[in-house]
Amino acid sequence: MKLSVIIVSYNVKNFLENCLYSVRKAAFGIDADIFVVDNNSADGSADMVEEKFAGVTLIRNTANLGFSKANNQALPYAKGEYILFLNPDTLVGETTFRECIDFMDRHPDAGAMGVRMNDGKGKFLPESKRSIPTPMVAFYKIGGLASMFPRSEIFGRYYLGHLDKDKTHEIEVLTGAFFFARKEALDRTGWFDEDFFMYGEDIDLSIRLLKNNYRLWYYPGTSITHYKGESTRKSSINYVLVFYRAMIIYSRKHFDPGGTFMLLLLLYIAIWFRAGLSISGRVIRRSILPTLDAGIICAGYLLIPSKWEAQLSLTGGVYPEESRLVLIPALILVWVVSIYLTGGYRNPPDISAALRGLFYGSVAILLVYAMLNTDWYVKIATILPLAVLTALIASLARMLLLYLKIPGSR
């Protein structure tokens, strides 16, 4: 058998289906087998594979075992001379497999190869070609110098920005999104290191192939589409922790602590600083709408027209002075929690869910008021106009955020 394609999938049903259609078309006429290892997806991915792709070998896991272990699960059954590790959020061209097989046949000393990757808009993805992230290379990347000087042979070395993306190059690191390897080289070198749950395992395997005197190639003669970020939620806190944990595992495994202690120290500081920024950014983005609603409620309460309060006083109703210290936080807490529970803070914002939350919160507040020894006119005149005002302004604010595409609102 010439080729075995291994795809590890987790909750990307639609992308996986499209990927498999492209794989099946690219494999037409090639002696190949296809494996899907499903890491306990909750979106029906495994059932879809069984129903629509009868020729695909499906391995169902009862837990998310991660990328490395799941790929290794399929390798004992793969009979191909070449193994392609492929992300489910990719589309391969009709001739991609043939061109890769031809390239590897013509380069018997090649352990693995990668191709040009474009995002969903056709833009070149720099991770198509990478170098070994030594302490300084990794530091330049994490510290942002690689982004500032992408074509520099020194600062931009992580993505080999000084190499022409339209020419074939011998490189040092391939990406796990499309890792076309010689099975003999994998068996000799060893498979994915299962200490890496996700991320870093492709760098580790690339380095081990190089140490076993195999060459790695970047070949732009064919390309794939990689909908980067769809197979994993890169803005999630879990992603940040898993990614940077993988970097630390890699650092400990491949760097010499005795000779590069200070560089490793700087790298770890940069890693955790960047992780802290990522997590803080995530928290800030998730706080935009609740903070906005709290501000609207507070402003609305404080800006209730003085004539309205004067009208209340004619009926004997009054606003207690302490209400601003007690009532405002209480109203904010009840309404914000109610909006959260009805899904009003989902991404993108759901205006109808937010309105439901305001309604249920208002009902809850009025029920609590009913049990207090307070004039009902004061209760209704305070809560209902404020709820209506908040609903109006919050809805307009959400529409504005969506229109302006503010981060955290989509």
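Residue numbering for the sequence shown is 767 to 1176, as defined by the numbering used here.
Note that the Cβ used here is the ideal one computed from N, Cα and C, for glycine as well.
For clarity, every value in this text was computed on a predicted model and none was experimentally measured.
* Do you know whose CA, among 992, 846, 963, 916, lies nearest residue 880's CA? -> 992
* Asked: Just checking my contact of residue 796 with residue 768 at CB under 8 Å: how many whole Å lie between their CB atoms?
  -> 6 Å
* Asked: Between residue 828 and chain B, is there a C-beta pair that is closer than 8 Å?
  -> No chain B is part of this structure, which consists of one protein chain only.
* Asked: If you drop the 5 nearest sequence neighbours on each side, which residues of the same chain put their C-beta closer than 8 Å to that of residue 949?
  -> 770, 844, 846, 847, 848, 849
* Asked: Is it a yes or a no for the segment 780-791 touching the segment 801-821, going by three-plus beta-carbon pairs under 8 Å?
  -> yes
* Asked: At what residues does the alpha helix (DSSP H) containing residue 789 begin and finish?
  -> 779-792
* **Identity of the residues DSSP links to residue 799 by a beta bridge** => 770
* By DSSP, does residue 1072 sit in helix, in strand, or in coil? -> Residue placement at residue 1072 cannot be trusted, given a pLDDT of 49 that sits under 50; what the coordinates show is reported in the next sentence. Three-state result, residue 1072: helix.
* To the nearest angstrom, report how far apart residue 895 and residue 1108 are at their CA atoms. => 45 Å
* Asked: Based on the DSSP secondary-structure assignment, which residues constitute the bridge partners of residue 947?
  -> 849, 878
* Asked: Got a sec? Which residues, its chain only, sit under 8 Å from residue 870 by beta carbon, not counting five neighbours each side?
  -> 848, 876, 879, 946, 948
* **Among 861, 775, 866, 851, nearest to residue 830 - alpha-carbon criterion** => 775
* Asked: Relative to the C-alpha of residue 1020, which residue among 857, 898, 891 is closest?
  -> Measuring C-alpha to C-alpha distances from residue 1020 to each of 857, 898, 891 identifies 898 as the nearest.
* Does the beta-carbon of residue 1110 have 16 or more other beta-carbons within 10 angstroms, so that it is buried, or is it exposed? -> buried
* **Three-way DSSP call (helix, strand, coil) for residue 857 in this model** => strand
* To do: Inspect the CB distances between the segment 965-979 and the segment 929-944 and report whether three or more fall short of 8 Å.
  => yes
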